[in-house]
Amino acid sequence: MTEHHEQLGIIKDFYFVMQPVVKISDKQKDKIAFYEILLRSKKIRQFPGEIFFDLIKSQSGNQIVLSFLKNN
Numbered sequence: 001m002t003e004h005h006e007q008l009g010i011i012k013d014f015y016f017v018m019q020p021v022v023k024i025s026d027k028q029k030d031k032i033a034f035y036e037i038l039l040r041s042k043k044i045r046q047f048p049g050e051i052f053f054d055l056i057k058s059q060s061g062n063q064i065v066l067s068f069l070k071n072n
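Quick note, the sequence shown lines up with residues 1 to 72 if you use the numbering used here.
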């Protein structure tokens, strides 16, 4: 298996979640200010920091991540 194929397999583990960021105020009801999009791993159920940063070190890995971001 080539490095490119391994990288494609790794990226299939990633997904996004949307998390609201709430503006808290004494004067008015709390409200959602905006949403942030968080990258997560299905295996570890959190940000795949080490895997992600290793992946984007190579040109092919970086291209795979950019394609994933564009298409998801």
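Yeah, the Cβ is synthetic: ideal placement off N, Cα and C, and Gly gets one too.
How should residue i be labelled, buried or exposed, when 16 other C-beta atoms within 10 angstroms of its C-beta is the threshold for buried?
| i | result |
| --- | --- |
| F14 | buried |
| L69 | exposed |
| Q7 | buried |
Which of the three DSSP states, helix, strand or coil, is assigned to residue i?
| i | result |
| --- | --- |
| Q63 | helix |
| F14 | strand |
| Q7 | helix |
| K43 | coil |
| K77 | Missing from the structure shown is residue 77; the chain here goes from 1 to 72 and no further. |
Have a look at the options and flag the residue whose alpha-carbon is nearest the alpha-carbon of residue i.
| i | options | result |
| --- | --- | --- |
| H5 | I64, N71, I37 | I64 |
| Q19 | Q28, I11, F52, R40 | R40 |
Roughly how many angstroms separate the alpha carbons of residue i and residue j, rounded to a whole number?
| i | j | result |
| --- | --- | --- |
| S25 | E3 | 50 Å |
| I37 | F47 | 11 Å |
| K22 | K29 | Here the sequence assigns Val to residue 22, which means Lys is not the residue at that position. Taking the straight line from one Cα to the other gives about 10 Å. |
| I32 | N62 | 33 Å |
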